[in-house]
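Everything on this sheet refers to the single structure shown next.
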Amino acid sequence: MHSYRWCGSMPSTATATTTTATTMIRRLCCLQSVSPSLPFSSASTTTKKPLVFLGAPQVSAIVLDTLLNASASPHSLFEVAAIVTQPPARRDRGKKLALSPLATHALDRGFSPDLIFTPDKAGDDVFLSNLKALQPHLCITAAYGNILPTKFLDIPPLGTVNIHPSMLPLYRGAAPVQRALQDGVKETGVSLAFTVRALDAGPIIATETIQVDDQIKAPDLLELLFHKGSELLIRELPSILDGSAILKAQPQDDSKATLAPKINSDESWLSFDEEAYVLHNKVLEVQLPGKKAVNAAAFWNGLPVHCVYLTIQNLSVWMLYIMIKVRMDCDGCERRVRNANVIYNFKNLLFVGCRGEICGAITSLWLLYKNLVRGVDMSNFLPYIKYCESLSRKA
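Structure, rendered in structure tokens:
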């Protein structure tokens with residue numbers, strides 16, 4: 001088996017602790033004949049089928065942990081031969097290059113940095129040459145985020161299997177969990193499917209459903225689904241590795257397919273002319289900060305601010321971060337906030353007039369001035385709030 005090592009001089013800014021930095025900056029590797037450096041293989045490595053795992057965000061580390069733990073067993077049928085993830089990117093305000101969460105987690109677990117690949121594109125010729133040299137029997141993806149071309153999919157003889165957090169063919173695309181919450185679904189799930197060139201359209205190996213309550217947020221639901229998907233993967237791996245899974249996999253009914261495109265910036269606006277349930281679901285689909293709203297205003301120490309204006313793009317004014325929750329026990333407060341331009345302090349909650357008969361209650365507030373701060377206790381915040389006509393409205 002071959003491994004890949006960094007070839008070339010270290011960057012001038014490297015220090016004694018820059019093993020991670022070396023991995024971050026590495027783009028291309030030279031092929032060398034060296035012994036495998038994975039600590040997760042037993043003496044029976046030669047009988048195990050090599051697989052390659054592809055992912056990027058923190059939730060993909062859930063799947064990696066499951067695979068590494070299972071492969072450590074002397075009776076395991078496979079080993080994780082390599083990891084493919086997104087290239088280091090500039091994150092946060094410091095604009096420093098940072099590894100993907102998956103790469104960081106893999107290194108923390110002791111995975112060899114020589115076997116973590118970060119191609120700009122999965123169709124990169126040098127990367128594909130290195131991948132072929134590993135002779136993987138199977139590739140597994142979990143929120144990798146890059147399109148896999150045919151020349152990639154042709155490499156593993158057992159194919160490529162994807163963990164997708166929806167009940168395919170529903171919610172094909174980049175944001176299945178967010179779109180499901182936006183639609184207010186009561187049930188969703190995770191699918192294990194073979195990857196084909198068409199988006200999330202491959203034959204389904206297995207699925208598992210879960211019930212969705214009306215308070216769970218997208219990050220929590222996403223994590224739960226990838227835990228379920230990891231368990232599903234381990235359960236189905238024997239049939240995938242012996243080739244029987246492809247025979248039993250069920251084709252998707254394309255006529256029932258729905259799409260889940262990435263949430264764009266235009267969709268981040270909340271309008272209180274919409275029904276409260278719609279606003280509630282929109283807030284659930286993202287992690288704060290991430291939503292911005294119009295048609296309501298408040299005063300903070302005499303300063304006019306946009307209430308529930310959820311953005312960090314403009315740091316020159318006060319902004320309030322909120323979580324909206326539908327309240328049925330308004331006790332007539334909807335009559336006071338019938339106008340969608342008014343917010344109302346009632347029973348230690350801020351009620352906002354929405355379309356229809358139900359108000360939206362602001363149950364969580366975050367203050368922002370220059371920097372994001374911790375959530376404000378409502379009992380401390382309410383004395384500074386006056387319900388008033390909106391000072392501005394989005395055109």
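Read left to right, the sequence shown gives residues 1 to 395 (full-length UniProt numbering). Yeah, the Cβ is synthetic: ideal placement off N, Cα and C, and Gly gets one too. Please read all numbers here as calculations on a predicted model, not as lab measurements.
(1) Helix, strand or coil, according to DSSP, for residue 75 in the structure here?
(2) From residue 23 to residue 186, what distance separates their C-alpha atoms?
(3) Looking at the structure shown, is residue 232 part of a helix, part of a strand, or coil, going by DSSP?
(4) Where does residue 151 sit, in a helix, a strand or coil, going by DSSP?
(5) Going by DSSP, which residues form a beta bridge with residue 250?
(6) Flag this pair as touching only if the region 127 to 147 and the region 77 to 90 have three or more C-beta atom pairs under 8 Å; answer yes or no.
(7) Tell me the rounded alpha-carbon separation between residue 209 and residue 235.
(8) So what does DSSP say about residue 307, is it helix, strand or coil?
(9) Between residue 190 and residue 225, how many whole angstroms is the CB-CB distance? I'm expecting something under 8 Å.
(10) Along the chain, which unbroken stretches of the beta strand (DSSP E) at least 3 residues long are found entirely within the region 68 to 130?
(11) Can you check whether the CB of residue 199 is closer than 8 Å to the CB of residue 161?
(12) Is it right to say residue 238 is buried, meaning 16 or more other beta carbons lie within 10 angstroms of its own, or is it exposed?
(13) Are the Cβ atoms of residue 176 and residue 250 separated by less than 8 Å?
(14) Which term fits residue 282, buried or exposed, when burial requires 16 or more other beta carbons within 10 angstroms of its beta carbon?
(15) Would you check if the distance between the CB atom of residue 148 and the CB atom of residue 195 is smaller than 8 Å?
(16) Distance check for residue 253 and residue 207, CA to CA, integer angstroms please.
(17) To the nearest angstrom, how far is it from the Cα of residue 258 to the Cα of residue 213?
(18) Using a Cβ-Cβ cut-off of 7 Å (strictly less than) and excluding sequence neighbours within five positions of residue 75, which residues of its own chain qualify?
(19) Would you kindly work out how many angstroms separate the C-alpha atoms of residue 179 and residue 47, rounded to a whole number?
(20) For residue 155 versus residue 142, is the C-beta spacing smaller than 8 Å?
(21) According to DSSP, which residues form a beta bridge with residue 49?
(22) Does the distance from the CB of residue 113 to the CB of residue 61 come in under 8 Å?
(23) By DSSP, does residue 179 sit in helix, in strand, or in coil?
(24) Give the single residue among 205, 170, 174 whose Cα lies nearest to the Cα of residue 188.
(25) For residue 163, report the span of its beta strand (DSSP E) as first-last.
Let me spell this out:
(1) coil
(2) Summary for residue 23: the model assigns pLDDT 37, below 50, so the residue's position carries little reliability; its value from the coordinates is reported in the next sentence. One C-alpha to the other measures close to 43 Å.
(3) helix
(4) helix
(5) 204
(6) yes
(7) Using only the alpha carbons, I get a separation of about 15 Å.
(8) Any reading at residue 307 must be qualified, since the residue scores a pLDDT of 36, below 50, and its modelled position is unreliable; the value itself is stated next. DSSP places residue 307 in coil when its eight states are reduced to three.
(9) Contact between residue 190 and residue 225 holds, since their C-beta atoms are separated by about 5 Å, short of 8 Å.
(10) Counting only runs of 3 or more, we get 78 to 84, 89 to 91, 96 to 98.
(11) no
(12) exposed
(13) Their beta carbons are not under 8 Å apart, which means residue 176 does not touch residue 250 by this criterion.
(14) buried
(15) yes
(16) 15 Å
(17) 22 Å
(18) Closer than 7 Å at the Cβ level, and outside the excluded window around residue 75, lies no residue.
(19) If you take the alpha carbons of residue 179 and residue 47, they lie about 43 Å apart.
(20) For residue 155 and residue 142, no; Cβs fall outside 8 Å.
(21) 78
(22) no
(23) helix
(24) 170
(25) 160 to 164
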